[in-house]
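Residue numbers (mature numbering (1 follows the signal peptide of the UniProt record, and there is no 0)): -19 to -1, 1 to 251. Built from N, CA and C at the ideal position, the CB exists for glycine as well. Only a predicted model underlies this, so the values are computations on that prediction, with no experimental measurement involved.
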């Protein structure tokens, strides 16, 4: 369940208030709005990198899992067909194949919205199907490979050197944004400026990461901000889908856990 806890922290950092023009339309905005858009987009890109690391870490064993799963499926297809269970197992195979086939291109281009959408959709579909399938042999395939390659789905996944380099560039970008504000602009953005000042005051990597993720508190207050160009940044749209799928998986996991607990409780009373 650690992945879901970390995903929730990361995803909350880009609440719906990040609605902003698409990169293609951003060049038509006034200078102030353009710079504000660039700040939000830079944050989205970094959160995108974090979520991409999570997906790639979680799916790094999928090629081996797919190989073992295909062998198992071949041996058991007749029994599954007899029990009218073929569909869900074939769907799991297809989702695994989609992840494996798209991984190489995704590694080379993590900011491609369509690739990330495909990867995260297939990834969440795999997670959902594995949870739904009540087959101990299938679960053992996952368990075996996860034991051999346990994913550390916490802040240690975010490469410190890459994050510090991002902060160095982001700080310069933010200072340019702040210096271009007039009195009204500084008042309107005082909470954002305060957040950035706190971010700069931290020298410890973990503290920097925590403050960076705390930006969601500011974005929650901006949910009413309208998109001047009438469209959303595609990276934001991908994160909307990510968060939606994440919440669905959380609900499914809770439902399955409650069902198992109920079976254990009432089964023990019989």
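For residue j and residue i, the rounded distance between their alpha carbons
i           : j           : result
residue 49  : residue 149 : 44 Å
residue 112 : residue 224 : 18 Å
residue 61  : residue 71  : 10 Å
residue 30  : residue 229 : 22 Å
residue 20  : residue 177 : 11 Å
residue 167 : residue 185 : 28 Å
residue 161 : residue 24  : 19 Å
residue 6   : residue 217 : Its pLDDT being 39, under 50, residue 6 is placed unreliably by the model, and the measurement read from it follows with that caveat. Approximately 15 Å between the Cα atoms of the pair.
residue 116 : residue 57  : 12 Å
residue 39  : residue 164 : 47 Å
residue 147 : residue 118 : 44 Å
residue 35  : residue 158 : 31 Å
residue 66  : residue 110 : 13 Å
residue 127 : residue 169 : 48 Å
residue 99  : residue 41  : 16 Å
residue 92  : residue 59  : 42 Å
residue 153 : residue 95  : 30 Å
residue 215 : residue 18  : 13 Å
residue 183 : residue 196 : 15 Å
residue 227 : residue 81  : 20 Å
residue 220 : residue 179 : 26 Å
residue 37  : residue 44  : 12 Å
Residue environment, residue i, which counts as buried when at least 16 other CB atoms sit within 10 Å
i           : result
residue 47  : buried
residue 188 : exposed
residue 171 : exposed
residue 145 : exposed
residue 232 : exposed
residue 235 : exposed
residue 68  : exposed
residue 55  : exposed
residue 143 : exposed
residue 84  : buried
residue 107 : buried
residue 175 : exposed
residue 89  : exposed
residue 27  : buried
residue 129 : exposed
residue 32  : buried
Residue i - containing alpha helix (DSSP H), residue span
i           : result
residue 182 : 171 to 182
residue 67  : 67 to 89
residue 47  : 43 to 63
residue 187 : 186 to 194
residue 162 : Counting along the chain, residue 162 falls outside any alpha helix (DSSP H), and DSSP gives it neither H nor E.
residue 106 : 94 to 113
Item to complete: Indicate whether the contact test is met: 3 or more Cβ pairs, each with one atom in the region 61 to 77 and one in the region 103 to 111, closer than 8 Å.
Response: yes
Practice prompt. Kindly confirm or deny that the region 50 to 65 and the region 110 to 130 touch, where touching means at least three C-beta pairs closer than 8 Å.
Written response: yes
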